[in-house]
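Novice: The structure's right below; bear with me while I get my questions together.
Number of protein chains: 2
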Amino acid sequence: MEQKTAVLALAALAQETRLGVFRLLVQQGESGLAAGEIAAALGLAPATLSFHLKELAHARLVRSRQDGRFIYYAADYAGMNQLLAFLTENCCAADGAACAPGSVCAPVTKPRNASRKVKP
Amino acid sequence: MEQKTAVLALAALAQETRLGVFRLLVQQGESGLAAGEIAAALGLAPATLSFHLKELAHARLVRSRQDGRFIYYAADYAGMNQLLAFLTENCCAADGAACAPGSVCAPVTKPRNASRKVKP
DNA sequence: TCGATATTTCCACGATCATGGAAACATGGA
DNA sequence: TCCATGTTTCCATGATCGTGGAAATATCGA
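Line by line, the protein sequences are chains A and B. Take the first sequence: its letters are residues 2 to 121, numbered as in my numbering. Take the second sequence: its letters are residues 2 to 121, numbered as in my numbering.
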């Protein structure tokens, strides 16, 4: 994943309304929710929701699927996990011990790339 | 972590310059880099860098430590991991199988609240 | 003390973003 | 076919963001 892609995804999530939509969809699982259901659940104007859904879809964080007059939106778990992998990969690349223990960022046992020390 | 806090952190990372700074610091480990070194490494104007560092620090993604005339900035691994935990927690809360296999988002088999093993 | 260096704050500019009303675009049913 | 419903696009508005020059602040060495 390129930095530009990561920025796009992070920007999509870095907004109260969109993060709310995304989390709602994440909790719904693969089946997702129709746009109208999302709007009702979060109290959003149709135009506003549509704008944010497009943003999330463009960032590969949600997917849409049409069923009759309804359009169902579901979290794109693959896209989300790519973003998480991008972030954790950078975390662990430096120094395993630096990553908090018990976190999602597991230490790398053998640091092949020597990160040079800067003495303060 | 509250949603507002997560939005703050995500917004801090959702910007090309800041994500660049953050990743640079993550790779430097706990020792960090002086502001001037960061500016030189990324070719940023002092005022611009200062603005972004403040943003990252406010989001608890970097920490600063003064040493003489220099101010060293280092990634705040704890803060970063809290953000990751927030995202993965929401991911897994829905349906373990929904999370991509081999991702950082491990399926929860039983509500034993185990933030442990991540797929190698 | 003074001057050099490191960093931040102040400020103003242009750019981008979030919002929702109104209209347009689908789709299904009668 | 026409109508009702679900969703998107268009558009205008106000708000927030990213940037860097200039000045201010802080620290060190002489």
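Ideal placement from N, C-alpha and C gives every residue a C-beta, glycine not left out. In this text the structure is predicted, and so the values were computed from the model without any measurement.
Quick check on DSSP: helix, strand or coil for B/Q16?
Specialist: Coil.
Novice: Output yes if chain A places a C-beta closer than 8 Å to the C-beta of B/C100; else output no.
Specialist: Its pLDDT being 47, under 50, B/C100 is placed unreliably in this model, and the coordinates cannot settle the point.
Novice: Does any residue of chain B bring its CB to less than 8 Å from the CB of A/V63?
Specialist: A/V63 does not count as touching chain B.
Novice: Count the C-beta pairs between the stretch 26-36 of chain A and the stretch 23-30 of chain B that are closer than 8 Å, then say yes if the count reaches three, no if not.
Specialist: Cβ pair count under 8 Å is below three, so no.
Novice: On a CA-only basis, which of B/K5, B/G44 and B/L14 is nearest B/K55? Give me that one, please.
Specialist: Closest option to B/K55, Cα to Cα, is B/L14.
Novice: From the DSSP output, read off the bridge partner residues of B/D68.
Specialist: According to DSSP, B/D68 bridges with B/F71.
Novice: B/A15 touches chain A at which residues, Cβ-Cβ below 7 Å?
Specialist: The contacting residues are V8, L11, A12 and A15.
Novice: Beta carbon of A/Y78, beta carbon of A/S65: below 8 Å?
Specialist: Not in contact: A/Y78 and A/S65 (Cβ atoms no closer than 8 Å).
Novice: Where does A/A7 sit, in a helix, a strand or coil, going by DSSP?
Specialist: A/A7: helix per DSSP, three-state reduction.
Novice: Any idea if B/A101 is buried or exposed, counting beta-carbon neighbours within 10 angstroms, 16 or more meaning buried?
Specialist: With a pLDDT of 42 at B/A101, under the threshold of 50, the modelled position of this residue cannot be trusted; read the value that follows with caution. B/A101 comes out buried.
Novice: Verify the CB distance criterion: does A/L20 have a CB-CB separation below 8 Å to chain B?
Specialist: Chain B, which has a Cβ nearer than 8 Å to the Cβ of A/L20, makes this yes.
Novice: Could you confirm whether any beta carbon from chain A is found closer than 8 Å to the beta carbon of B/L43?
Specialist: Chain A contact via Cβ: absent.
Novice: Between the C-alpha atoms of B/I39 and A/A36, what's the straight-line distance to the nearest angstrom?
Specialist: When rounded, the distance between both Cα atoms is 44 Å.
Novice: Got a sec: which bits of the stretch 75-89 of chain A sit with their beta carbon under 8 Å from any beta carbon on chain B, in order along the chain?
Specialist: Within the stretch 75-89 of chain A, the residues whose Cβ lies closer than 8 Å to some Cβ of chain B are A76, Y78, A79, M81, N82, L85, A86, L88 and T89, listed in chain order.
Novice: Suppose contacts are defined by Cβ-Cβ distances below 8 Å. Is A/L20 in contact with B/A86 by that definition?
Specialist: No; because the gap between Cβ atoms is not below 8 Å, this pair is not in contact.
Novice: Please classify B/M81 as buried or exposed, where buried requires at least 16 neighbouring CB atoms within 10 angstroms.
Specialist: Buried, by the Cβ-count rule.
Novice: Let's test the definition: count the other Cβ atoms within 10 Å of the Cβ of B/Q83 and tell me whether it reaches 16, buried, or not, exposed.
Specialist: Buried, since its Cβ has 16 or more Cβ neighbours within 10 Å.
Novice: When the cut-off is 8 Å and only beta carbons count, does A/Q4 lie next to chain B?
Specialist: Closer than 8 Å: yes.
Novice: Using a Cβ-Cβ distance cut-off of 8 Å, determine whether B/A94 contacts chain A.
Specialist: Its pLDDT being 48, under 50, B/A94 is placed unreliably in this model, and the coordinates cannot settle the point.
Novice: How is A/L57 classed by DSSP in three states: helix, strand or coil?
Specialist: A/L57: helix per DSSP, three-state reduction.
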